[in-house]
Amino acid sequence: MTNNNQQASGGAEGAKPHRVSVTAPARLHFGFLNLHGGLGRRFGSFGMAVDGFSTRLYAVPTTNADNLRVEGPDHYRQTIKRASSFANTITDGLDLERAAAITIEEAIPDHAGLGSGTQLGLAVATALTKLHGLDLGVDEMARLLGRGARSGIGIGVFEQGGVILDGGVAGDGSDDGADNGENGPPSPATSRLAFPDEWRLMLILDLKSKGLHGGKESAAFDVLPPYQPGQAADLCRMIIMQALPALAEKNISGFGRAVTALQEAVGDHFAAAQGGRYSSPRVGEVLSWLAGQGVEGYGQSSWGPTGFAFFEGEAEATRMIEAAGQKWKDDGGLQFMVCGGCNQGHLIKIL
-6 MTNNNQQASG GAEGAKPHRV SVTAPARLHF GFLNLHGGLG RRFGSFGMAV DGFSTRLYAV
54 PTTNADNLRV EGPDHYRQTI KRASSFANTI TDGLDLERAA AITIEEAIPD HAGLGSGTQL
114 GLAVATALTK LHGLDLGVDE MARLLGRGAR SGIGIGVFEQ GGVILDGGVA GDGSDDGADN
174 GENGPPSPAT SRLAFPDEWR LMLILDLKSK GLHGGKESAA FDVLPPYQPG QAADLCRMII
234 MQALPALAEK NISGFGRAVT ALQEAVGDHF AAAQGGRYSS PRVGEVLSWL AGQGVEGYGQ
294 SSWGPTGFAF FEGEAEATRM IEAAGQKWKD DGGLQFMVCG GCNQGHLIKI L
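Residue numbers (this note's numbering): -6 to 344.
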């Protein structure tokens, strides 16, 4: 698999950069295939990059050798705080000079199921290492930041975009730390396919809800039971032998049915931790309505609350969004939007 990020440079060869800009796409996480571990690996997840949201930032050198700072608009206050933590982790872990300033220009919404943390962390790490003339691999940066320990989707999306299947983490979940995925290297991407350019997604955003995150997320993995062996086998077979071939053949019906079946299995398994198959009852209501309209591919990204649905083209997705907007016009917390897949990873511009 190749890394399809693009790097543009306008400076002299060998010169220290004056500015490094990084843009990273949001992602959807469709679910885990194997919470059993009987074959010596656990987790294994499926997801994709989308172009509806992105994180965009830049780093510049400063004259103060001990004044690492992160800034941006006031409405990104929490994002700035998270970026500062990532920046400190990278500079301390690599013993870099702290003479740098990072500016957040755009950010993926926090705790919405869109992968904001991993994309922000890797964007910060990429900007700082490039600013110091280092060329670290994405996996190495993820390990330093503690990202991707359970799922490799965010790392795969950052590196190459598209639709990603990862191979999970080594261990059976007994006494090796693989029960929560926090002690090992990032899950490797084992498959990457392009999302058809003409297909569209409908995103359902619940502006009044946040998905499970942080300590609550880790606690959920500590107490949830493993999949039964047969369930893990069925999900792996369905994604490998139905979802991926259907995607390769641009068969949206087959792809959508497989993703929905995965979503239902994962949602029911995690129901005790998130309050039902979907973390947001309002998003769940919209998804049930979409199913009644004949939509075959839909679900919740990660812990939610963001929901999604697949459509063959822009017109069909727009028509469904207009109908949903009319039906839920009095609900100020729901927001609908159309987006496409993103078939490239992060973009770097060095000046």
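C-beta: ideal position from N, C-alpha, C; glycine also.
Own chain partners of residue i with C-beta closer than 6 Å, once the 5 adjacent residues on each side are dropped
i	result
Glu307	Arg193
Arg12	Tyr51, Val53, Leu344
Thr16	Ser47, Arg49, Leu340
Leu283	Tyr291, Ala302
Leu89	His125
Phe248	Ala236, Ala239, Leu240
His29	Pro219, Tyr220, Pro222, Ala225
Straight-line Cα distance separating residue j from residue i
i	j	result
Gly333	Ala58	42 Å
Lys320	Glu305	22 Å
Arg140	Gly160	16 Å
Lys203	Val276	12 Å
Asp215	Ser109	23 Å
Thr55	Val117	16 Å
Lys201	Gly326	6 Å
Leu115	Val288	35 Å
Ala100	Gln328	18 Å
Glu98	Arg49	5 Å
Ser180	Gly130	14 Å
Ala93	Ser77	11 Å
Asp169	Arg34	Because the pLDDT of Asp169 is 41, which lies under 50, any placement of that residue in the model is unreliable, and the question is left without a value.
Glu152	Glu133	12 Å
Ala105	Ala142	19 Å
Ile157	Asp323	37 Å
Ala241	His22	19 Å
Asn60	Ile83	14 Å
Met(-6)	Asn81	With a pLDDT of 41 at Met(-6), under the threshold of 50, the modelled position of this residue cannot be trusted; read the value that follows with caution. Approximately 31 Å, taken between the alpha carbons.
Lys342	Gly45	21 Å
Arg75	Thr311	35 Å
Ala236	Phe188	12 Å
Cys335	Asn244	18 Å
Ala42	Arg91	32 Å
Gln112	Glu315	31 Å
Leu196	Ile95	30 Å
Tyr271	Ala264	7 Å
Classification of residue i by the beta-carbon crowding that lies within 10 angstroms, buried from 16 upward
i	result
Ala171	Low local confidence applies: a pLDDT of 42 at Ala171 is under 50, so the model's placement there is unreliable, with the coordinate-based value given in what follows. Buried: at least 16 other Cβ atoms inside 10 Å.
Pro222	exposed
Asp190	exposed
His68	exposed
Asp199	buried
Gly126	exposed
Lys123	buried
Ser294	buried
Met234	exposed
Reduced DSSP category for residue i - H, G, I as helix; E, B as strand; rest coil
i	result
Val15	strand
Gln62	The sequence as given places Arg at residue 62; Gln does not occur at that position. In the structure shown, Arg62 sits in a strand (DSSP, three-state: E or B).
Thr311	helix
Leu121	helix
Ala346	As shown, the chain starts at -6 and ends at 344. That puts residue 346 outside it, with no answer to give.
Cys332	strand
Ser202	coil
Tyr69	helix
Lys322	coil
Arg270	coil
Gln293	strand
Thr56	coil
Asp128	coil
Lys27	Note on identity: in this sequence residue 27 is Asn, with Lys being the wrong assignment. It is a strand residue.
Leu344	coil
Leu327	strand
Gly86	helix
Gly147	helix
Ala142	coil
Ala105	coil
Thr253	helix
Leu238	Residue 238 is actually Pro in this sequence, not Leu. Looking at Pro238 - three-state DSSP - the assignment turns out to be helix.
Gly110	helix
Val288	coil
Cutoff 7 Å; reference residue i; Cβ partners in own chain excluding five residues on either side
i	result
Gly86	Leu137
Gly24	Ser38, Phe39, Leu255, Gln256, Val259
Ser273	Asp199, Ser202, Gly297, Pro298
Ile73	Val63, Glu64, Gly65, Ile97
Ala317	Val279, Phe329
Gly149	Ile157, Asp159, Ala182, Arg185
Pro10	Gly4, Lys123, Leu124, Ile343, Leu344
Residues that DSSP places opposite residue i in a beta bridge
i	result
Ile97	Leu50
Arg193	Phe304
Arg20	Ala42
Leu186	Val156
Ala163	Arg34
Cβ-based neighbour list, residue i, same chain, cut-off 8 Å, excluding 5 preceding and 5 following
i	result
Cys229	Leu26, Asn27, Gly37
Gln71	Asp103
beta-carbon residue i near the ligand COA non-hydrogen atom, thresh 7 Å
i	result
Asp324	As for the ligand COA, it is missing from this structure, which has no ligand bound.
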